[in-house]
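**Student:** For the sequence shown, position 23 (counting from the first letter as 1) is numbered 613 according to our numbering, and the numbering increases by one without interruption. Starting off with a structure, shown below.
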Amino acid sequence: IKKADPKENPPKEEPEKKYSTKDIVSMMQYIFDAENAVKEDWMDFDGNGKVNIIDLLLLKKEILRSLQ
Numbered sequence: 591i592k593k594a595d596p597k598e599n600p601p602k603e604e605p606e607k608k609y610s611t612k613d614i615v616s617m618m619q620y621i622f623d624a625e626n627a628v629k630e631d632w633m634d635f636d637g638n639g640k641v642n643i644i645d646l647l648l649l650k651k652e653i654l655r656s657l658q
């Protein structure tokens, strides 16, 4: 019986998890409780009185910029 050679069959690495825009928005809505946001809320980036996907994407952009 031939012994398994780890060089021939290296262990498969699991692919890095990728999150879709929908996943990110859902997480941000949960984290920031966007379901209960009101007109005066600081998350209303575009000033339309609602916290929607545009606001959350702008918020994501602002967070990423602040981390650089």
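Glycine included, C-beta positions come from ideal geometry on N, C-alpha and C.
Count the other C-beta atoms from every protein chain shown that fall within 10 angstroms of the C-beta of leucine 657, then say buried if there are 16 or more, exposed otherwise.
**Tutor:** exposed
**Student:** Do isoleucine 644 and aspartate 636 have their beta-carbon atoms positioned less than 8 Å apart in this structure?
**Tutor:** Cβ distance < 8 Å, so aspartate 636 and isoleucine 644 count as in contact.
**Student:** By DSSP, does valine 615 sit in helix, in strand, or in coil?
**Tutor:** helix
**Student:** Would methionine 618 pass as a contact of lysine 650 if the rule is Cβ separation under 8 Å?
**Tutor:** yes
**Student:** Please report the straight-line C-alpha distance between asparagine 638 and isoleucine 621, rounded to a whole angstrom.
**Tutor:** Distance between the alpha carbons of asparagine 638 and isoleucine 621 is about 21 Å.
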